[in-house]
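Positions 79 to 509 (the numbering used here) are the ones given, in order, by the first sequence.
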Amino acid sequence: MRNKTYIGEISNYKDKDATISGWLYNMRSSGKLHFLMVRDGTGIIQVVVAKNDVDEKTFELCKELPQESSLKITGFVVEDKRAPSGYEIQAKNVELVHRADEYPITPKEHGTTFLMDNRHLWLRSSKQHAILKVRHSIIRACRDYFDNNNYTLIDAPIFTPAACEGTSTLFETDYFGSKAYLTQSGQLYMEAAAMSFGKVYCFGPTFRAEKSKTRRHLTEFWMIEPEIAYCDLDGDMDIAEEFIEYIVQRTLEERKEELKLLQRDTSKLETVQRPFPRISYDEAVKIIKDSGLEFEDGNDFGSLDETIVSEQFDRPVMVHRYPAAVKAFYMKGDPGDLSKALCVDVLAPEGYGEIIGGGQREDDLNILESKIKEHDLPMEAFDWYLDVRKYGSVPHAGFGMGIERAVSWICGLKHIRETIPFPRTISRIKP
RNA sequence: UCCUCGGUAGCUCAAUUGGUAGAGCGGGUGGCUGUUAACCACUAGGUCGUAGGUUCGAGUCCUACCCGAGGAGCCA
């Protein structure tokens, strides 16, 4: 079974015989000719079955093949302008591996709910296939960026004893009689690890139990979180922009075909190059107010606010120094204005909003303890975290990027749920 | 949790002021030697989300509930 030909490399077999193994994507028939569109995960190719070229049994078989039947086909490979991919196979033999039942997803239009109910089959469609290929490339680029820059991969736990930030709603689970929660971030663990390895990152699933029902939210999503010892906010922003530039440019190189199939305007990605604009929260507020929108000083940005700010630029914009009051307890205060936090959000262009949140962490033990009290968080849950400030505390910073939001932006999608193979949302846990 | 919209054939949708539930795709049967979401003919396929109510008569009007989609909040 190993020495077979993949459709993706069919051009190497021009004017030669080849055997492909795949699934029937669609079929058109014309009396004494059948046109089978066959896919195998690496590509799709037209197979021509002519009545005169095959035995009668084979020809009759192809006449009534259900969509998605699995097939092994041997034939002569030719270049032909009439074939959608430029190449086609003139069949000599067609072996039916399995006759499919009536396939629910037809070549016509369907609603998203129906397609999501059939997500396990929808993955076979060309658009979904392309999105997940892009996702794979983005994840590989993320890992390569950190691996090539001497970061150490440190896996964070999924079960956690208490809220990391105390803000989001967590999924609660029974842990041998006591309560445990599914992680909403690996960050606190990365801070501890950075004091051992210097530069670390984690990449894993993250869970939020908020009842968000929008095209930007999942209850289970993947986040990549670097953390760097001896790093301040400016250094953090340097890393974030270099990182985003790298993954976008890598994806443009590796996934031209897929982005074309997704009809992505790649000119809007080609401009994603350093330096990215860096503006303060106060400057962002001015942009929002100048646009005519009402905004109350000191508030966090809503999604419309983010869109208005990001529309001013042709590449991601980094907004730093938000009011400390709207940010998590571990953010370090700005020495120049303690009402502000040394944090940064990276807003993707074209209305895609926040893809990265991060900043410099509070490294002073006493300040951190009082922040925990201010936020009404249980001190005992953070004893280990406070230890990081007791034994050789240093300035450190990091950020987290939601993979699905990055994929959604880079692919130019309307819904985040198509960026993950099996999405989990407030109303979906199957398939 | 709140706001808006929706639920009719396997799928996508239509049905006029309340008056015999329809089309395309998919399925089935037949036809066609260059099809491009092929095409042509015929054919099968329905508890109109659920439960009540108004009416001679309800897919259509009223009430409650269930489910879904988008948005707000919250966030990546």
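We treat Cβ as the ideally placed atom computed from N, Cα and C, and that holds for glycine.
Quiz prompt | Within the segment 176-216, ranges of the alpha helix (DSSP H) (whole runs, at least 4 residues) | solution = Whole alpha helix (DSSP H) segments, 4+ residues: 190-195 and 197-200.
Exercise. For residue 259, write down the residues that DSSP places opposite it in a beta bridge.
Key: Answer is 238 and 250.
Quiz item: Just how far apart, CA to CA, sit residue 425 and residue 398?
Solution: In this model, residue 425 and residue 398 are separated by some 11 Å (Cα to Cα).
Quiz item: Is residue 137 buried or exposed, if buried means 16 or more other CB atoms sit within 10 Å of its CB?
Solution: With 16 or more other CB atoms across the displayed protein chains lying within 10 angstroms of its CB, residue 137 is buried.
Quiz item: Can you give, in chain order, each stretch of the alpha helix (DSSP H) that sits fully within the segment 304-377 and has at least 4 residues?
Solution: Entirely contained in the segment 304-377, the alpha helix (DSSP H) runs reaching 4 residues are, in chain order, 311-332, 334-339, 345-348 and 359-368.
Exercise. Tell me where the alpha helix (DSSP H) around residue 265 begins and ends.
Key: For residue 265, the uninterrupted alpha helix (DSSP H) run begins and ends at 265-275, by DSSP.
Quiz prompt | Host alpha helix (DSSP H) of residue 463 (start-end) | solution = Segment 461-465, the alpha helix (DSSP H) holding residue 463.
Practice problem: For the segment 439-446 and the segment 493-505, state whether three or more C-beta atom pairs, one from each stretch, are separated by less than 8 Å. | Solution: Counting Cβ pairs under 8 Å, fewer than three are found: no touch.
Quiz item: Which whole-angstrom value describes the C-beta separation of residue 502 and residue 298, a residue pair presumed to lie in contact below a C-beta threshold of 8 Å?
Solution: For residue 502 against residue 298, the beta-carbon gap comes to about 4 Å, under 8 Å, which counts as contact.
Quiz item: Hey, residue 109 and residue 86: beta-carbon distance below 8 Å or not?
Solution: Taking the C-beta atoms as reference points, residue 86 is found no nearer than 8 Å to residue 109.
Quiz item: Taking buried to mean at least 16 other C-beta atoms within 10 Å of its own C-beta, is residue 132 buried or exposed?
Solution: The residue in question, residue 132, is buried, as its Cβ has 16 or more Cβ neighbours within 10 Å.
Quiz item: Tell me the DSSP bridge mates of residue 429?
Solution: Residue 429 is not bridged by DSSP to any residue.
Exercise. Just tell me which of 470, 489, 347 and 486 has its CA closest to the CA of residue 271.
Key: Ranked by Cα distance from residue 271, the first of 470, 489, 347 and 486 is 470.
Quiz item: When the distance is taken between beta carbons, is residue 155 closer than 8 Å to residue 140?
Solution: No, these two residues do not count as a Cβ contact at 8 Å.
Practice problem: Just grab the DSSP bridge partners of residue 150 for me. | Solution: DSSP output for residue 150 lists 99 and 173 as bridge partner(s).
Practice problem: Can you grab the Cα-Cα spacing for the pair residue 427 / residue 190, in whole Å? | Solution: Distance between the alpha carbons of residue 427 and residue 190: 25 Å.
Self-check item: Neighbour-count burial assignment, residue 175, 16 or more Cβ in a 10 Å radius
Solution: Under a 10 Å Cβ-count criterion, residue 175 is classified as exposed, with fewer than 16 other Cβ atoms of the shown protein chains found around its own Cβ.
Practice problem: Tell me whether residue 91 sits in a helix, a strand or coil according to DSSP, three-state version. | Solution: Reduced to three states, the DSSP call for residue 91 is helix.
Exercise. Compare the C-alpha of residue 486 against each of 435, 431, 409 and 448 and name the closest.
Key: Closest option to residue 486, Cα to Cα, is 431.
Practice problem: Go through its chain and collect everything with a Cβ distance to residue 162's Cβ below 8 Å, but skip five positions before and after it. | Solution: Closer than 8 Å at Cβ, skipping near neighbours: 115, 122 and 124.
Quiz prompt | Helix, strand or coil at residue 472 [DSSP, three-state] | solution = Coil at residue 472, not helix or strand.
Quiz item: What's the gap between the Cα of residue 83 and the Cα of residue 98?
Solution: Distance from the CA of residue 83 to the CA of residue 98, rounded to the nearest whole angstrom, comes to 5 Å.
Quiz item: Taking three-plus beta-carbon pairs below 8 Å as touching, is the segment 340-352 in contact with the segment 213-228?
Solution: Short answer: they don't touch.
Exercise. Kindly indicate which residue of 239, 249 and 262 has the alpha-carbon position closest to the one of residue 256.
Key: From the listed residues 239, 249 and 262, the smallest Cα separation to residue 256 is found for 239.
Self-check item: Secondary structure of residue 393, DSSP reduced to three states
Solution: The three-state secondary structure of residue 393, taken from DSSP, is coil.
Quiz prompt | Of the residues 468, 151, 177 and 173, the one placed nearest residue 166, counting alpha carbons only | solution = Relative to the Cα of residue 166, the nearest Cα in the group 468, 151, 177 and 173 belongs to 151.
Self-check item: Cβ contact (3+ pairs, closer than 8 Å) linking the segment 393-411 and the segment 375-382
Solution: With a cut-off of 8 Å, the segment 375-382 and the segment 393-411 count as touching, because enough Cβ pairs lie within range.
Self-check item: Contiguous alpha helix (DSSP H) assignments of at least 4 residues, all confined to the segment 472-496
Solution: Listed in chain order, they are 481-489.
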